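Going by numbering that gives the first Met the number 0, the first residue of the sequence shown is number 0, and it counts up by one from there. For glycine and all other residues, C-beta sits at the position ideal for the given N, C-alpha and C. This one's a predicted model, so the numbers in the text were calculated from it and none came from an experiment.
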Amino acid sequence: MSSSHSDSDAVVIGHDDISNYNPDQILPELPEVIENLRAWLRPA
């Protein structure tokens with residue numbers, strides 16, 4: 000059985016790959032989703 004080359008490929012994303020993309024270091028989401036996530040992350 001031969002393995003496809005793409006089966007063993009890996010992609011590593013480092014901090015520098017996204018640091019200039021988004022200053023808040025988050026991936027693009029709708030404002031409502033971000034607000035819900037931030038509310039969920041707030042300590043009780």
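What is the DSSP secondary structure of Asp-8, counted as helix, strand or coil?
In the three-state DSSP reduction, Asp-8 falls in the coil class, being neither helix nor strand.
Under three-state DSSP, which class holds Pro-30?
In the structure shown, Pro-30 sits in a helix (DSSP, three-state: H, G or I).
According to DSSP, is Arg-37 part of a helix, a strand, or is it coil?
When DSSP states are grouped into helix, strand and coil, Arg-37 belongs to the helix group.
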